[in-house]
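Below is one structure, written out as structure tokens; the observations come after it.
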Amino acid sequence: MQTIPGPRAKEIARRDRIAARVRSVAPSGIRRFFDLIQTMDGVISLGVGEPDFTTPWHIREAAIYSIERGYTMYTSNYGLIELRRLIAEHLIRRYGVDYDPRDEIMVTFGVSEGLDLAMRAILDPGDEVLVPDPGYVSYAPCVTFTGGVVRAVPTLADNGFRPHPADFAQRVNDRTKAVLVGYPNNPTGAAPDRETLSQIAKIVAERDLIAISDEIYDRLIYGREHVCFASLPEMRDRTILLGGFSKAYAMTGWRVGYVAAPRDLMDGMLKIHQYTALCAPITSQMAAIEALKNGEAAVEDMVEEYNRRRRVIVKGLNDAGLSCHEPEGAFYAFPSTAATNLSDEEFAEQLLLEERVAVVPGSAFGECGRNHVRCCYATSLAQIEEALRRIDRFVKRKRQG
Ligand SMILES: Cc1ncc(COP(=O)(O)O)c(C=O)c1O
19 MQTIPGPRAK
29 EIARRDRIAA
39 RVRSVAPSGI
49 RRFFDLIQTM
59 DGVISLGVGE
69 PDFTTPWHIR
79 EAAIYSIERG
89 YTMYTSNYGL
99 IELRRLIAEH
109 LIRRYGVDYD
119 PRDEIMVTFG
129 VSEGLDLAMR
139 AILDPGDEVL
149 VPDPGYVSYA
159 PCVTFTGGVV
169 RAVPTLADNG
179 FRPHPADFAQ
189 RVNDRTKAVL
199 VGYPNNPTGA
209 APDRETLSQI
219 AKIVAERDLI
229 AISDEIYDRL
239 IYGREHVCFA
249 SLPEMRDRTI
259 LLGGFSKAYA
269 MTGWRVGYVA
279 APRDLMDGML
289 KIHQYTALCA
299 PITSQMAAIE
309 ALKNGEAAVE
319 DMVEEYNRRR
329 RVIVKGLNDA
339 GLSCHEPEGA
349 FYAFPSTAAT
359 NLSDEEFAEQ
369 LLLEERVAVV
379 PGSAFGECGR
389 NHVRCCYATS
399 LAQIEEALRR
409 IDRFVKRKRQ
419 G
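In my numbering, the protein residues as written are 19 to 419.
Given below as structure tokens:
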């Protein structure tokens, strides 16, 4: 029998305490940058994907008042029925898609929990999920944690990172269980039109798949309609729709979102949620009720402001020589670093150290994000303008040198 020297044996034993599928996932590529930023002064952050607005006061006040009235207990596993009714009304009013608030809508700890529940409820080990690349950092890990397999579907800058339906069709095989669609997209801001999404929906129907549609940015869309995937022909009963409050209402810290899905899929997700989370926090649910009842004006104001910033940042990045497609939704610009001859990681690191502007390397979001950086414009116009001056100086220097 082979003997392993002491310290190495210990190392192996330690390593094996964590399951192989968890070990196989690399830590978030964004974290290293945020750790570095914490140690520096005067940094303008275009890094974190979080609104710079505070939750509108009337929403905070409703939550405070609910605590004063003694609402401090568990709710139904599905969430407060009043909130579920409001979510159902929102979905039918905006997108014409009809869910029964009694058992087809569940309130979750943000879209993050919804995503995890969706994957755990539908995937057996070895099942494949098509995931557009680049995409939100949690998509692939949530698949891997269940024992599922990610099949990346490339999306490219020359098409504004919108997907080509044929690229999905090509990758479907007998093990494919689901397709993840996440539009408007983080990190690219892409929001494909109805025709493109309908073609993807057709593949879902023909190949008998499930669609998981992350629509957390549904309200942050500029000059075009948001297409709710579940509203496309035959998709309502094939889609797990994930929605949230974090972005549109500036409520990231409240940890509240929802899942809408046909009953059989909901039953699977509810079972996991029931045993692992019980219910979303009641105070946050109270706040979400107020957001849906009276938050529309605030959403519209914030969207208008994001749109103004979007135009400034996209023009500024292109003027600086960083080719940047026009993002159609969310609050991210995703320029190429090619003009500087730097990789995305080199670009982000040097820009941070030399000019104190934080952006996120595109490769954190998948292979197709390589040589791009994500610049979040959910920060004030004054900060964006100063960041652009610094980026311009940085690019000029790199081009000369
Ligand atoms: C595309 C996408 N989905 C989900 C989330 C997580 O949202 P929540 O705060 O609702 O958990 C984020 C957060 O950045 C996101 O960008």
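Every residue, glycine too, gets a C-beta built ideally from N, C-alpha and C.
Owing to the predicted nature of the structure, the values given are computational and were not obtained by experimental measurement.
{"Asked": "Span of the alpha helix (DSSP H) around Gln320", "Found": "Looking at the sequence shown, residue 320 is not Gln but Met. Residues 314-337."}
{"Asked": "As assigned by DSSP and simplified to three states, the class of Thr294", "Found": "helix"}
{"Asked": "Straight-line gap, Glu403 to His343 (C-alpha atoms, nearest Å)", "Found": "19 Å"}
{"Asked": "Inter-residue Cα distance where the pair is Ile99 and Asp121", "Found": "10 Å"}
{"Asked": "CA nearest to the CA of Val274, picked from Ser381, Leu283, Gly262, Arg411", "Found": "Gly262"}
{"Asked": "Cβ-Cβ distance between Phe186 and Ile221 below 8 Å", "Found": "yes"}
{"Asked": "N-terminal and C-terminal residue of the alpha helix (DSSP H) that Lys195 is part of", "Found": "Where Lys195 is concerned, there is no enclosing alpha helix (DSSP H), although the beta strand (DSSP E) it sits in stretches over 194-199."}
{"Asked": "Rounded Cβ spacing between Val167 and Val149 (contact assumed at less than 8 Å)", "Found": "Contact flag wrong, Cβ pair sits at about 10 Å."}
{"Asked": "Below 6 Å from a heavy atom of ligand 1 - residues by beta-carbon", "Found": "Gly67, Gly128, Val129, Ser130, Tyr154, Gly200, Asn204, Asp232, Ile234, Gly262, Ser264, Thr270, Gly275"}
{"Asked": "Arg411, DSSP secondary structure in three states", "Found": "helix"}
{"Asked": "Beta-carbon proximity check, Thr173 vs Ser42, cutoff 8 Å", "Found": "no"}
{"Asked": "Cβ contact (3+ pairs, closer than 8 Å) linking the region 175-186 and the region 207-217", "Found": "yes"}
{"Asked": "Simplified DSSP state of Asp232, which is helix, strand or coil", "Found": "strand"}
{"Asked": "With 16 other Cβ atoms within 10 Å as the buried cut-off, status of Met253", "Found": "buried"}
{"Asked": "Helix, strand or coil at Glu367 according to DSSP, with G and I counted as helix", "Found": "helix"}
{"Asked": "C-beta contact flag for Met124 and Leu288 at 8 Å", "Found": "yes"}
{"Asked": "Beta-bridge pairing of Ile62 - partner residues as DSSP gives them", "Found": "Val375"}
{"Asked": "Selection from Ala306, Phe52, Asp410, Cys394 that minimises the alpha carbon distance to Pro74", "Found": "Ala306"}
{"Asked": "Opening and closing residue of the beta strand (DSSP E) in which Gly261 lies", "Found": "257-262"}
{"Asked": "Segment limits, alpha helix (DSSP H) that includes Cys160", "Found": "157-163"}
{"Asked": "Option nearest Val391 by Cα separation, candidates Ser63, Pro45, Asp53", "Found": "Ser63"}
{"Asked": "Per-residue burial, Thr397 [other beta carbons within 10 Å of its own, 16 or more giving buried]", "Found": "buried"}
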